[in-house]
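In our numbering, the protein residues as written are 497 to 777.
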Ligand SMILES: C[S@@+](CC[C@H](N)C(=O)[O-])C[C@H]1O[C@@H](n2cnc3c(N)ncnc32)[C@H](O)[C@@H]1O
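Written as structure tokens, this is what we have:
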């Protein structure tokens, strides 16, 4: 069975509304993941699709899911894609449920696993390298910048004192005890933002997104559409400002599109999603 093949892509209706797939058009899914959004687009007859992911395991699963459709595959960072000419481009940022739910990938402290977090396991640097080798000051900077982590100093100090770390749960435990008791029982576990910050740093996510936002408008035909779904304020800020500054683009979502309460309930991953769309002039 394909893990999570039945998973529901985020904001499916808005993706179709803003990409407006028409028969015969060519789309780029820059973050194909498990192929949920791609499969939606491919329901329009005669659509061609190019699918990118830096995670070879995700690509293999998407290939299985989208067998029989006209899809070209590209393994790598979307920021390095050589380019093409598309009617629409989609990027659904962040981690996939496959990555989060596979303990050996080390993305989640809810499962015991190695401190890895690489979206592309061919890449050298893992989360353990950051945690075990960065200086205390570098850790504070990383946690504040990429996770907006409360108590970043206390957490960084404890990490440096208790390292080396090799697994996710040992790190989460130290973070738990590093924060004051009043911060331990909130809506989210205190390790959540720390893990987000590490993941962003390990995968250089913001640098890749910035480069992609600079390059992708050139891969669109005039009238072509660019749709980006982000999951935290750091990503959304980059998208918002890149769209505003870019003379090649006309914004078609004055405010980001967010899921309604029904979607938020049925698909918890959608809760923080924000979709922004623009059209190539
Ligand atoms: C949220 S998932 C996409 C889910 C997909 N839209 C679906 O419906 O199944 C994000 C995917 O983007 C990939 N990804 C993240 N950053 C990337 C980058 N810079 N280049 C290529 N792929 C990236 C991740 O490996 C992950 O598989």
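Beta carbons are placed, not taken as given, at the ideal position from N, Cα and C, and that holds for glycine.
| Query | Result |
| --- | --- |
| Would you call residue 737 buried or exposed, if buried means 16 or more other Cβ atoms sit within 10 Å of its Cβ? | exposed |
| Using a threshold of 8 Å, state whether the C-beta atoms of residue 727 and residue 664 are closer than that. | no |
| Can you tell which of 594, 509, 644, 724 has its C-alpha closest to the C-alpha of residue 614? | 594 |
| Going along the chain, which residues of its own chain have a beta-carbon closer than 8 Å to the beta-carbon of residue 680, five neighbours each way excluded? | 672, 686 |
| Comparing C-alpha positions only, which one of 774, 531, 630, 596 sits nearest to residue 688? | 596 |
| Taking the CB atoms as reference points, tell me whether residue 576 and residue 545 lie closer together than 8 Å. | no |
| At a cut of 8 Å, does the segment 692-705 reach the segment 651-662 through at least three beta carbon pairs? | no |
| Quick check on residue 533: buried or exposed, where buried means 16 or more other Cβ atoms within 10 Å of its Cβ? | buried |
| Compare the Cα-Cα distances from residue 592 to each of 754, 716, 506, 731 and report the closest residue. | 506 |
| Could you check which residue in 644, 635, 742, 618 has the C-alpha nearest to that of residue 714? | 742 |
| Should the segment 545-560 be called in touch with the segment 611-627, which here means at least 3 C-beta pairs below 8 Å? | yes |
| Have a look at residue 502 and residue 598 and give me their C-alpha separation to the nearest angstrom. | Bear in mind that the predicted position of residue 502 carries a pLDDT of just 47, short of 50, making it unreliable; the figure below should be weighed with that in mind. Going from the Cα of residue 502 to the Cα of residue 598 covers about 17 Å. |
| Using DSSP's beta-bridge definition, name the partner residues of residue 568. | 546 |
| Quick one: is residue 766 buried, meaning 16 or more other Cβ sit within 10 Å of its Cβ, or exposed? | buried |
| Go to residue 717, then tell me how far its beta strand (DSSP E) extends in each direction, as first and last residue. | 716-726 |
| Would you kindly work out how many angstroms separate the C-alpha atoms of residue 610 and residue 625, rounded to a whole number? | 12 Å |
| Can you round the beta-carbon distance between residue 603 and residue 522 to whole angstroms, since I take them to be within the 8 Å contact cut? | The pair is not a contact, with the Cβ atoms about 32 Å apart (cut-off 8 Å). |
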